[in-house]
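Residue numbers (my numbering): 1 to 295.
Just so you know, even glycine gets a beta-carbon here, dropped at the ideal spot from N, CA and C.
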Ligand code: G1P
């Protein structure tokens with residue numbers, strides 16, 4: 001694959017092999033990444049963010065049962081042809097334009113053993129020194145696409161970087177939490193001295209939690225074990241990043257924007273409302289409906 005010159009981060013990995021248990025029963029048959037926010041699947045918003053950030057190739061980490069995700073981002077299917085014949089091509093225009101700007105590859109994670117394992121599954125497809133990882137559970141509403149903010153920051157320090165957000169004490173134990181080694185400034189990268197996965201409230205080294213956006217050095221692969229180690233429940237990405245902190249250094253970056261966790265139904269409802277209230281959607285109708293029901 002030949003990438004555009006001058007662009008440093010061209011490949012992005014999207015782990016999407018999980019069972020989506022928080023969305024059962026619908027995820028028995030529909031991957032959560034294809035559930036719609038307005039009329040577009042969650043994953044399309046993520047792909048849009050990546051394309052706007054200059055990503056040219058996306059590696060989807062899938063399970064064989066979630067092949068429909070790859071099909072959604074492929075063209076020329078029977079249904080595509082049928083929709084064209086029946087005059088509905090205008091409704092596919094936006095998606096088709098998007099697909100022209102990015103290439104998709106897929107790898108399989110047959111036995112999901114954790115986020116580190118998902119990233120390791122993409123190893124053979126990575127041919128650049130650094131690559132992005134995006135967790136499709138996090139949609140970020142922002143002026144500048146979140147990944148673009150991260151890539152710009154990366155260009156200034158060129159080391160592994162994690163996107164960070166301030167989280168309340170009561171929720172901190174659901175995240176990877178960092179210890180900054182420098183003064184924290186929003187919109188500027190800073191060095192990290194520690195990263196711990198899901199610490200208790202009292203052990204958390206700060207209130208800055210890792211959000212689902214990363215830029216990783218290819219070196220990460222040598223820090224991810226291929227097999228689940230004794231006493232570990234998952235192969236964590238956090239453990240590998242923590243090792244990079246001590247070897248080559250890792251930066252943190254507090255992004256501008258509002259994150260919505262669409263990996264669970266409440267966040268999903270919030271994202272639908274927020275998207276419906278965006279300009280160009282049916283903003284006025286939604287606003288008057290909210291008034292009508294007395295909210
Ligand atoms: C994963 C990571 C965690 C990170 C979180 C962001 O956790 O392991 O470090 O803070 O994503 O959403 P998960 O949500 O998969 O449990």
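About 7 Å separates the beta carbon of residue 132 from that of residue 214, a gap short enough to meet the 8 Å contact definition. Nearest C-alpha to residue 134 among 47, 41, 97: 47. For residue 62, the three-state secondary structure derived from DSSP is strand. Set against 7 Å, the gap from the CB of residue 176 to the closest heavy atom of the ligand G1P is smaller. One thing to note: residue 252 has its Cβ no nearer than 8 Å to the Cβ of residue 154. Ranked by Cα distance from residue 50, the options 14, 244, 275, 34 are led by 14.
For the pair residue 165 and residue 211, the CB atoms are nearer than the 8 Å cut-off. Look at residue 147 here: in three-state DSSP terms it is helix. Shown here for residue 195: same chain residues with a beta carbon closer than 8 Å to its own, the five before and five after excluded, namely 162, 176, 177, 178, 179, 210, 238, 241, 242, 245, 250 in chain order. The residue among 39, 208, 65, 10 with its C-alpha nearest the C-alpha of residue 271 is 39. Straight across, the Cα-Cα distance linking residue 201 with residue 208 is about 12 Å.
By alpha-carbon distance to residue 35, the top candidate from 66, 57, 53 is 66. Residue 39 is bridged by DSSP to nothing; it lacks a bridge partner. With 16 or more neighbouring CB atoms inside 10 Å of its own CB, residue 259 falls in the buried class. Taking residue 116 as the centre and dropping the five residues before and after it, the same chain places the C-beta of 224, 235, 236, 237, 240 closer than 6 Å to its C-beta, in chain order. Secondary structure of residue 254 (DSSP, three-state): strand. Under the three-state reduction of DSSP output, residue 261 falls in the strand class.
By the Cβ criterion, the stretch 25-34 is not in contact with the stretch 75-95, since fewer than three pairs of Cβ atoms, one from each stretch, lie closer than 8 Å. If the five residues before and after residue 12 are omitted, its C-beta is found closer than 8 Å to the C-beta atoms of 50, 55, 57, 58, 59, 131, 132, 133, 134, 147, all from its own chain and listed in chain order. In this structure residue 217 touches residue 129 by the C-beta definition: roughly 7 Å separates them, less than 8 Å. Beta-bridge pairing by DSSP links residue 161 to 215, 251.
The closest CA to that of residue 45, considering only 266, 285, 293, 138, is found on 138.
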